[in-house]
Amino acid sequence: MPEWLPVERQRELVEACREWARGPVPLRHTVLPGGGVMSVRSLCLGWHWQPYRYTRTAGDVNGARVAPFPDLLGDLGRAAVAEAYGDERAAEAYAPDTALVNFYDGGARMGMHQDKEELSGAPVVSLSIGDTCVFRFGNTEGRGRPYTDVELASGDLFVFGGPSRHAFHGVPAVYTGTADPASGMRGGRLNLTLRETGLTGR
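Counted the way UniProt numbering counts, the sequence shown spans residues 1 to 202.
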């Protein structure tokens, strides 16, 4: 859904992300089990994601407990589901409890992957702020074709659930310098993904 997030809300989220990045768990490059290092920098709220599980503390960063999942993101997630599905009941039932915030500089990419560590089958809500990217949305069987490339610009919303919930997806390109300065971004792309983990416990 293009231009879903007004520029004023984009600025608010950018400022919030800067605050969240100060800790207790800072932005980091995630290290994969095989030793590879992701080019995007990430931080988590509510639950900490590390390959390939969720925990309350960031054992792969500094051992600190991640910041709580903020109400403002829960409200945004429900509004997004309501508009994407045209279903107020689905929106009311949507209870995201974790956010993964990814920062892409001009050279960062995201390989094709599935979001499948969550126990809940609720939709994933994705918000883009800053530079435009190519978002590759594929199939549920593998990383190759068929897939569709979509450009996501600042303020765009992408929601995937139902049969597409476990579709492979990635970001093969970011177009440097395409962000509207009014968004609050001085460069790069922020992507906020909201999810229901289906997990319980403190």
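Cβ atoms here follow ideal geometry from the backbone N, Cα and C, with glycine treated the same way. It should be emphasised that the depicted structure is a prediction, and the values quoted were computed from it without experimental measurement.
Over what stretch of residues does the alpha helix (DSSP H) that includes residue i continue unbroken?
i	result
E12	V7 to W20
Tell me which same chain residues have a C-beta within less than 7 angstroms of the C-beta of residue i, skipping the five on either side of it?
i	result
G111	G170
So is residue i buried or exposed if we call it buried at 16+ other beta carbons inside 10 Å?
i	result
T98	buried
H48	buried
D131	buried
P146	exposed
G184	buried
A122	buried
A182	exposed
S77	Note that residue 77 is Gly in the sequence shown here, rather than Ser. Buried.
residue 204	The chain is shown from 1 up to 202; residue 204 falls before or after that span and cannot be answered.
L190	buried
A93	exposed
N62	exposed
L152	buried
E196	buried
L5	buried
residue 203	Outside the shown range of the chain, which is 1 to 202, sits residue 203, and nothing can be said about it.
T30	buried
Counting along the chain, where does the beta strand (DSSP E) carrying residue i start and finish?
i	result
F158	L157 to F160
D149	T148 to L152
G170	H169 to V174
G48	Checking the sequence, you will find His at residue 48 rather than Gly. Residues H48 to Q50.
S42	R41 to L45
L192	R189 to R195
R165	No beta strand (DSSP E) holds R165; DSSP gives it neither H nor E.
T55	R53 to T55
Here's a check: name, in chain order, each residue in its chain whose Cβ is nearer than 6 angstroms to the Cβ of residue i, leaving out the five neighbours to either side.
i	result
residue 256	A question about residue 256 goes unanswered here, because the residues of the chain that appear run from 1 up to 202.
C44	V66 and L100
S126	F158 and T193
R11	G184
Assuming the contact rule is C-beta atoms closer than 8 angstroms, residue i and residue j should be a hit. Round their C-beta distance to whole Å, please.
i	j	result
S42	R28	7 angstroms
S154	I129	5 angstroms
E118	G59	Not a contact, Cβ separation roughly 19 angstroms.
A173	F137	Going by Cβ atoms, the distance from A173 to F137 rounds to 14 angstroms, so no, they are not a contact pair.
V134	F160	The pair is not a contact, with the Cβ atoms about 16 angstroms apart (cut-off 8 angstroms).
In its own chain, which residues sit with a C-beta less than 8 angstroms from the C-beta of residue i, not counting the 5 before and 5 after it?
i	result
R56	W47, H48, R65, V66, G201 and R202
D180	V7 and S154
So within the segment 74–145, which uninterrupted beta strand (DSSP E) runs reach at least 3 residues, ignoring any that extend past its ends?
98–104, 110–113, 124–130 and 133–137
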